Amino acid sequence: MEANRIARKKHKKEIDRAAKAIRDENRRGTTAWTDGSKFPDRTLNAQMEAQYVAAVTNRLFGKSMQNHPSITVLTHGDGSVSVGFSGEMDVNLTDQVFTELTRLQHERGETALNTQYRVSTEGMPKELLTKPKVSLESKSIPPALNNCSEPKAMAAAHGSGEAITGMDTVWRTDLRDGEKHAPYHHKYRYRKIELPWVYEQMGPCRTCKTNKGAYFNYATS
C-alpha cells in the first residue's frame with residue numbers, strides 16, 4: 001500500500017510538471033514571429049512536430065536515405081505546420097510525406113484534423129537570397145543557397161497567411177562516417193527535458209543566419 005501511495009504521488013508530480021509545460025508552451029505558442037533579425041522560438045510544440053515528421057518520413061523511406069537529411073518545421077497560429085526538407089527538389093518525397101501525414105491525421109480522429117501540413121522541397125527564389133561572405137581564414141564552405149531545409153519550410157509557409165509561432169530543425173538520417181553528431185548540432189542547447197529525443201536538433205548554418213531576414217519576409221508574405 002505504501003509503495004502504491006508513493007508511486008501515485010510521484011506520478012502526480014510528473015503529470016503536474018507535464019501539464020505546466022503544456023500550459024507554458026501554449027502561452028508561448030500564441031506569439032507570432034514578428035522580428036526578422038532572429039529565428040522563431042524553438043517552442044515545445046515545434047520540437048514535437050519536428051520529431052514526429054522525421055519519424056513519419058523515416059518510416060516511409062528509412063534513415064539511410066541521404067538525399068534529404070534535415071527537416072525544418074514551422075508551426076502556425078491556426079495549428080497548421082509547414083515542413084521543409086533539405087536537398088534537391090523531390091516531388092515524390094513531398095507527395096508521399098504529405099499523403100502519409102494526412103492519412104495518420106484521419107486515423108487519429110477528429111481532433112487531429114485541425115492540424116494541416118504543407119510540405120516542400122522547393123526553395124525560395126534565389127534572387128531574394130544572399131551568399132554569405134567566405135574569408136580566407138574560414139575552415140569550411142557554407143551550404144549553397146536553398147540547400148538547407150529552412151528555406152524550404154519558408155517556401156511552404158509562403159502565401160498561407162498564417163502567423164508563424166515556432167520553428168525547429170532536426171537531422172533525420174544516419175550520421176556520416178566518423179561523425180558523432182549532426183552538422184551544426186547544439187548538444188542539449190534546445191533540449192526540453194519533457195521529451196525523449198530521437199533525432200538530433202540543429203542550429204542554423206552561416207547561409208541561413210545570413211538570410212534570416214529574407215526568410216522572415218518570404219515566409220510571412
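Residue numbering for the sequence shown follows my numbering, starting at 1 and increasing by one per position. We treat Cβ as the ideally placed atom computed from N, Cα and C, and that holds for glycine. Treat the numbers as computed from the prediction; the structure is a model and nothing was measured.
{"Item": "Cβ-based neighbour list, E100, same chain, cut-off 7 Å, excluding 5 preceding and 5 following", "Value": "V56 and L60"}
{"Item": "T72 vs E122 beta-carbon contact at 7 Å", "Value": "no"}
{"Item": "Simplified DSSP assignment, three categories, for L145", "Value": "coil"}
{"Item": "Pair within 7 Å by beta-carbon distance, T37 and T169", "Value": "The sequence shown places Ser at residue 37, rather than the Thr named in the question. No."}
{"Item": "Proximity of C205 and Y184 at Cβ, strictly below 7 Å", "Value": "yes"}
{"Item": "Nonlocal neighbours in the same chain, by C-beta distance under 7 Å from P132, ignoring five residues either side", "Value": "P142, R206, T207 and T210"}
{"Item": "Own chain partners of G213 with C-beta closer than 6 Å, once the 5 adjacent residues on each side are dropped", "Value": "G36"}
{"Item": "C-alpha distance - Y215 paired with E107, whole-angstrom precision", "Value": "34 Å"}
{"Item": "Member of H158, T102 and L104 whose CA lies at the smallest distance from the CA of P125", "Value": "H158"}
{"Item": "Beta-carbon spacing of G84, A32 below 7 Å", "Value": "no"}
{"Item": "Proximal residues to R118 (C-beta, below 6 Å), its chain only, five neighbours per side dropped", "Value": "S82 and A156"}
{"Item": "Residue burial classification, A144 (beta-carbon count within 10 angstroms, cutoff 16)", "Value": "exposed"}
{"Item": "With 16 other Cβ atoms within 10 Å as the buried cut-off, status of N45", "Value": "buried"}
{"Item": "Cutoff 8 Å; reference R27; Cβ partners in own chain excluding five residues on either side", "Value": "Confidence at R27 is low in this model, with a pLDDT of 48, below 50, so its placement is unreliable and no value can be given for it."}
{"Item": "DSSP-derived helix/strand/coil call for H222", "Value": "Examination of residue 222 is not possible in this model, given that the chain is present from 1 through 221 alone."}
{"Item": "Three-state secondary structure (DSSP) of L128", "Value": "helix"}
{"Item": "Burial state of R103, where buried means 16 or more other Cβ atoms lie within 10 Å", "Value": "exposed"}
{"Item": "S140 versus V134 - alpha carbon distance", "Value": "9 Å"}
{"Item": "Alpha carbon of G161 to alpha carbon of M167, nearest angstrom", "Value": "17 Å"}
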